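Novice:
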Amino acid sequence: MILVYLFIGIIASVIGALPLGASNIAVINTTLKQDAKQAFKIVLAAGIAEVILSFYALHCNTVVRNFIDMNMWIQIAIVLILLTVGAFLLFKKASKTEKKKSITNSKYATGFLLGLLNPPVLIYWIVVIGFINSYNYALSIQSSVFILLLFFSGIYLGKISTLYAYSKFSLFIKEKSQNISSRVNKITGVLLIVIAVFQAVKLYAI
10 MILVYLFIGI IASVIGALPL GASNIAVINT TLKQDAKQAF KIVLAAGIAE VILSFYALHC
70 NTVVRNFIDM NMWIQIAIVL ILLTVGAFLL FKKASKTEKK KSITNSKYAT GFLLGLLNPP
130 VLIYWIVVIG FINSYNYALS IQSSVFILLL FFSGIYLGKI STLYAYSKFS LFIKEKSQNI
190 SSRVNKITGV LLIVIAVFQA VKLYAI
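The opening position of the sequence shown corresponds to residue 10 in the working numbering, with each subsequent residue numbered one higher.
Written out as structure tokens, the structure is:
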């Protein structure tokens, strides 16, 4: 029965990693422009970053949720940021010349930074952990080491499995899409705008 925490971690991580984000796009682009081996370095590091964010969310779940709920300006700022980034990605024109050099030559560092510097993911884990605790699966920083190990192992496995699937899928559609980066940006932009609108309606209804 205790293994349920492993599966909870896997399922929650897969759901959180499915929407296109910075890590997903980096994995797709690296797979297409270099190879799957280089992309897998990003995958491994992004998985570690995901565990760190989920651990932090578990550590300060109640405090952060109360702080966000009590400060309307934070929620409004999140909506505006999502709308801005979404609109930018949606209407961004594809560059004719691609930069061959990335910010960093280390794929491990790229995956870790893209995974860690991701506030929406932190918010996601805060919500998920709150949801888990609303049922009979109590989960906190005081839980047994074995339970926490299972939960975080599930998160890591779910994250790297999903990103690895993105890498494999990008190879599959490589011949069918010559401008995948532009399409990914547009899809991501639409998703962010939809989330922002949903959040704005939710704030208005409060």
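Where a beta carbon is used, it is the ideal one built from N, C-alpha and C, also for glycine. All values derive from a computational prediction rather than experimental measurement.
For K46, tell me which candidate among K116, L89 and G25 has the shortest Cα-Cα distance.
Specialist: Along the sequence shown, one-based indexing puts residue 46 at 37. Ranking the options by Cα distance to K46, first place goes to K116.
Novice: What did DSSP end up calling G30 once you bin it into helix, strand or coil?
Specialist: Residue numbering aside, residue 30 sits at position 21 when the sequence shown is read from its first letter. Three-state DSSP puts G30 in coil, outside helix and strand.
Novice: Between S32 and L12, what straight-line distance do the alpha-carbon atoms span, to the nearest angstrom?
Specialist: Against the sequence shown, residue 32 aligns to sequence position 23. Against the sequence shown, residue 12 aligns to sequence position 3. Rounded to the nearest angstrom, the two C-alpha atoms are 28 Å apart.
Novice: Going by the CB atoms, is the gap between L123 and A35 shorter than 7 Å?
Specialist: As a position in the sequence shown, residue 35 is number 26, starting the count at 1. As a position in the sequence shown, residue 123 is number 114, starting the count at 1. A contact, by the Cβ cut-off of 7 Å.
Novice: Answer with buried or exposed for F161, where buried requires no fewer than 16 other C-beta atoms within 10 angstroms of its C-beta.
Specialist: For this step, residue 161 is matched to residue 152 along the sequence shown. That one is buried.
Novice: Let's see if you can read the secondary structure: which residues bound the alpha helix (DSSP H) around N117?
Specialist: As a position in the sequence shown, residue 117 is number 108, starting the count at 1. Before going on, a small fix: residue 117 reads as Tyr here, not Asn. Unbroken alpha helix (DSSP H) run through Y117: K116 to L125.
Novice: Report yes if the C-beta distance between G56 and Y133 is below 7 Å; otherwise report no.
Specialist: To locate residue 56, count along the sequence shown from 1; it is residue 47. To locate residue 133, count along the sequence shown from 1; it is residue 124. Contact flag unset, no.
Novice: Y175: buried (16+ other C-beta within 10 angstroms of its C-beta) or exposed?
Specialist: Counted from its first residue, the sequence shown places residue 175 at position 166. Buried: at least 16 other Cβ atoms inside 10 Å.
Novice: Go to L180, then tell me how far its alpha helix (DSSP H) extends in each direction, as first and last residue.
Specialist: The residue labelled residue 180 in the question sits at position 171 within the sequence shown. Its alpha helix (DSSP H) spans residues V154 to F181.
Novice: Looking at the structure shown, is Q43 part of a helix, part of a strand, or coil, going by DSSP?
Specialist: Counting from 1 along the sequence shown, the entry for residue 43 is found at position 34. Three-state result, Q43: coil.
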